[in-house]
Amino acid sequence: MAAEQSKIARTALEPWQQPRPFPGVRAVRIALRTAHLLAFGALYGGHIYDVAPQRLSAALWATVATGAALMAVEMYRSPLWLMQVRGLAAMAKIVIVAAVAVNWELRVALLSAAVIIGGISSHMPGRLRYYSIAHGRVVGSQEAG
39 MAAEQSKIAR TALEPWQQPR PFPGVRAVRI ALRTAHLLAF GALYGGHIYD
89 VAPQRLSAAL WATVATGAAL MAVEMYRSPL WLMQVRGLAA MAKIVIVAAV
139 AVNWELRVAL LSAAVIIGGI SSHMPGRLRY YSIAHGRVVG SQEAG
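Residue 101 in my numbering is what sits at position 63 of the sequence shown, and the numbering runs on without skipping anything.
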């Protein structure tokens, strides 16, 4: 019974395994990721050095905008991204960064956790990064770009 349900789940998601074409996706990802790192670096540094919150709003909005754009690119190319470890890591980072709003005194630790998750998830082997919780296996690791 469980094997049949697993097969049904895999069959239902197979169209998601092929990424949609996106001309220039590599350049777009590099540009967005670079802008995202710059914005987050300014935000993180501002919190490390206790800069007034109102002075960090531009860095916050730039971080949110570039992060949202990166997610949009990934979800457009393959909605499966949301079920892979790489997508789950991005969602975890969003939750952690949002937690700063209600745990202000822990902001540096929370932002540090987001950086650590990002660094690890971006550089872990493909067999982990492309693991799909919906499929129970690696799916889509052949993506180009």
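Glycine is no exception: its CB is placed at the ideal position from the N, C-alpha and C atoms. On a predicted model such as this, the values are computed, not experimentally measured, just so you know.
Where the alpha helix (DSSP H) containing residue i begins and where it ends
i: Ile155; result: Arg145 to His161
i: His74; result: Val63 to Ile86
Cutoff 8 Å: residue i Cβ touching any chain D Cβ
i: Leu94; result: Looking at the structure shown, chain D is missing, and only one protein chain is on hand.
Nearest residue (CA-CA) to residue i, options the options
i: His74; options: Ile86, Pro61, Ala90 and Ala103; result: Ala103
i: Met109; options: Leu126, Arg93 and Leu94; result: Leu126
i: Glu112; options: Val176, Val177, Arg58 and His173; result: Arg58
i: Pro163; options: Val176, Ala172 and Val138; result: Val176
i: His199; options: Gly83, Ala130, Met121 and Phe60; result: Residue 199 cannot be examined here, being either before or after the span of the chain that is shown, 39 to 183.
i: Ala96; options: Tyr87, Ala107 and Gly79; result: Gly79
Helix, strand or coil at residue i [DSSP, three-state]
i: Val102; result: helix
i: Tyr169; result: strand
i: Gln122; result: strand
i: Val135; result: helix
i: Arg175; result: strand
i: Gln56; result: coil
Cβ-based burial, residue i [other Cβ within 10 Å; buried from 16]
i: Val135; result: buried
i: Arg124; result: buried
i: Gln92; result: exposed
i: His85; result: buried
i: Gly62; result: exposed
i: Ala77; result: buried
i: Val133; result: exposed
i: Tyr82; result: buried
* Determine, using beta-carbon pairs with one atom in the stretch 110 to 119 and one in the stretch 130 to 148, whether at least three such pairs fall under 8 Å. => Taking 8 Å as the limit for Cβ pairs, the verdict is that the stretch 130 to 148 does not touch the stretch 110 to 119.
* To do: Evaluate contact between the stretch 148 to 156 and the stretch 167 to 177, counting only Cβ atoms and requiring at least three cross-stretch pairs below 8 Å.
  => Fewer than three Cβ pairs drawn from the stretch 148 to 156 and the stretch 167 to 177 lie within less than 8 Å of each other, which leaves the two stretches out of contact.
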